[in-house]
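Report on the following structure.
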Amino acid sequence: MNASEDSLAPEVRSILDAARDRPGGDERVSVTARSFPDAVAATEAAGRVPVVAEVKPTSPTTDGERTDDPVELAREMVAGGATALSVLTEPDHFGGSVENLRRIREAVDVPVLRKDFVVKESQLDAVESDLVLLIARFVPDDLSDLVAAARERGFQPLVEVHSRAELERALDAGADIVGVNNRDLGKLDVDLETFESVAPHVPDDVTLLAESGILTAEDARRMRAAGADALLIGTAIMDGDVRENTERFATATPETEKLE
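Each number in the numbering used here comes from the position in the sequence shown (counting from 1) with 2 added on.
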């Protein structure tokens, strides 16, 4: 364990340990991806907020579990205006599966992000998706190689960062879709100022997502004002009627604030 890993919260270290033991796919995948940047642009042109709604049965930082059919949840999110979907495939801590992602991607026509904890190239081959999450803190030495390997398969890599230093690593690795996680993986604290501090240093030609801690329409507007091209929202959408919740965030524009 290196010094960076030693500073991770115990729950996160457990996730990382499990990820390292998880096998990859049997065959190399080749993906024809649905363009996430194009989907974001189309949503904005329609006057709505680009929302990546997350199908997340459970997590170490939330209470309870959703046992609804993931495909039905996904369809309801899209009906509520989701620009894209994030689907957990991590089985041990989040109740996800590659089969859920496969079924969801067949059922919807929006880009689908595979949200997992990929730490080696072979794990990219577990399932086809449009985007794949790569967490900069989890792959300190191999980020460039994983970004390249993902692109070779047709994936759009979403590189997640939490600090300006991690952002620089992501940009050096060639990332053109970046997510700033407001959750500190060391303490599990969430602070929206994290995004606000990192976003000004992201080049204009990078598609930028705000992740974690977006619980209200006001939070959504705050992240958009700080430069977020899209918002990745899990708990606040999964807690209740997912269609209504997705629509609430997808319509959280400055104009609707005036009506509230």
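Glycine is no exception: its CB is placed at the ideal position from the N, C-alpha and C atoms.
Quantities reported herein were computed from a predicted structural model and do not represent experimental measurements.
- Task: Could you tell me how far apart the beta carbons of A212 and N184 are, in whole angstroms, since I believe they sit closer than 8 angstroms?
- Result: For the purposes of this step, residue 212 is taken as the residue at position 210 of the sequence shown. For the purposes of this step, residue 184 is taken as the residue at position 182 of the sequence shown. Between N184 and A212 the Cβ distance is about 7 angstroms, and since that is below 8 angstroms, they are a contact.
- Under 8 angstroms Cβ to Cβ from P12, same chain only, skipping five residues before and after it: list those, please. Walking along the sequence shown from the start, residue 12 turns up at place 10. Cβ neighbours of P12 beyond the five flanking positions: none.
- Message: Does the structure place the stretch 218-225 close enough to the stretch 166-180 that three or more beta carbon pairs sit under 8 angstroms?
- Response: no
- Can you give me the Cβ contacts of F140 inside the same chain, cut-off strictly under 7 angstroms, excluding the 5 residues immediately before and after it? Position 138 of the sequence shown holds residue 140. Excluding residues within five positions, the ones whose Cβ falls inside 7 angstroms are L18, F119 and V121.
- Message: Mapping the DSSP letters down to three states, classify R185 as helix, strand or coil.
- Response: Translated into the one-based positions of the sequence shown, residue 185 becomes position 183. DSSP places R185 in strand when its eight states are reduced to three.
- Task: Quick one: using the 10 Å Cβ neighbour count with 16 as the cut-off for buried, is T91 buried or exposed?
- Result: Sequence index remark: in the sequence shown, residue 91 carries index 89 (1-based). The residue in question, T91, is buried, as its Cβ has 16 or more Cβ neighbours within 10 Å.
- Could you give the DSSP three-state label for R36: helix, strand or coil? As a first step, residue 36 is located in the sequence shown; it is residue number 34 there, counting from the start. If DSSP states are grouped into helix, strand and coil, R36 belongs with coil.
- In terms of alpha-carbon separation, which member of V100, A47, L87 and G236 lies closest to R68? On the sequence shown, position 66 is the one that residue 68 refers to. The residue with the shortest Cα to Cα distance from R68 is G236.
- Task: Please work out which residues of its chain come closer than 7 angstroms, Cβ to Cβ, to A228, disregarding the five sequence neighbours upstream and downstream, and give them in chain order.
- Result: The residue you call residue 228 lines up with position 226 of the sequence shown. Correct list, in chain order: F197, E198 and A201.
- Query: Can you check whether the CB of V182 is closer than 8 angstroms to the CB of V161?
  - Reply: Working through the sequence shown from its first residue, we reach residue 161 at position 159. Working through the sequence shown from its first residue, we reach residue 182 at position 180. Result no, Cβ atoms of V161 and V182 do not sit closer than 8 angstroms.
- Item | Residues that DSSP places opposite I17 in a beta bridge | Position 15 of the sequence shown, counted from the first residue, corresponds to residue 17. Paired residues: none, contrary to the question.
- Message: Assuming V42 and T85 are in contact, meaning their beta carbons sit under 8 angstroms apart, how far apart are those beta carbons, in whole angstroms?
- Response: Walking along the sequence shown from the start, residue 42 turns up at place 40. Walking along the sequence shown from the start, residue 85 turns up at place 83. So it is a contact: roughly 6 angstroms between Cβ atoms.
- Task: Give the DSSP-derived three-state secondary structure of A150 in the structure shown.
- Result: On the sequence shown, position 148 is the one that residue 150 refers to. Helix at A150.
- How many Å lie between A175 and D147 at the Cα? Residue mapping note: residue 175 aligns to position 173 of the sequence shown, counting from 1. Residue mapping note: residue 147 aligns to position 145 of the sequence shown, counting from 1. Their backbone Cα atoms lie some 8 angstroms apart in a straight line.
- Query: Would DSSP call L233 helix, strand or coil?
  - Reply: The residue you call residue 233 lines up with position 231 of the sequence shown. Three-state DSSP puts L233 in a strand.
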